[in-house]
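Colleague: The sequence shown lines up with residues -29 to -1, 1 to 101 when you count with mature numbering (1 follows the signal peptide of the UniProt record, and there is no 0). All residues carry an ideal CB built from backbone N, CA and C; glycine is no exception.
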Amino acid sequence: MVTSKKLAVAAAAALASLTALTAAAPASAQDWGWGYRPWSGYDAPAYGRPARDLFERERRIDQWLRNSQDEERIDDWRAARLRRELDGIRGWTFREAREHRGFLPDYDFNRISARLDDLAGRIRDAQYQG
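#1: Going by DSSP, which residues form a beta bridge with F74?
#2: So, for L90: in the same chain, excluding its five sequence neighbours on each side, which residues have a beta-carbon less than 8 Å away from its beta-carbon?
#3: Out of Y99, R86, E42, R95, which has the shortest C-alpha to C-alpha gap to L25?
#4: Near D79, which residues of its chain fall below 8 Å by C-beta distance, leaving aside the five closest residues on each side in sequence?
#5: Out of curiosity, what's the CA-to-CA distance linking R28 and L(-23)?
#6: Quick one: what does DSSP say T(-27) is sitting in, helix, strand or coil?
#7: Helix, strand or coil for R44 per DSSP?
#8: With 16 other CB atoms within 10 Å as the buried threshold, where does T(-27) fall?
#9: Hey, S39 and I83 are a contact pair by Cβ (cut 8 Å); roughly how many whole angstroms apart?
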């Protein structure tokens, strides 16, 4: 038979272990709730991909475009047109990153990534045309 004293001790122990478990969790786990994945390498929600990967790709493409223009492999007017498109993609990435707190859903990440791939292909084609 369970006495009230044993029940109170068991409840107190359960409450103490739950409190310790919650206090030991990282802050991002508390922010994101059930979607936190500690094994992912990022403090990300379960559906998210980090926008910083896209920002890094945009930076590399921009540098590639600048180098190609400096080495005169791409005309100035064509480089300006490609840079305007890159700026549009960069603005789209910033808007999505702000909306989703830095982590984009796979759908948005893949669409922006496809546009960056398309732009990189057009830069490559423009180098061979010039």
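Modeller: So, from the listed chains and residues:
#1: P21
#2: I32, L53, E56, L57, I60
#3: R86
#4: E67, H71
#5: 58 Å
#6: coil
#7: coil
#8: exposed
#9: The pair is not a contact, with the Cβ atoms about 22 Å apart (cut-off 8 Å).
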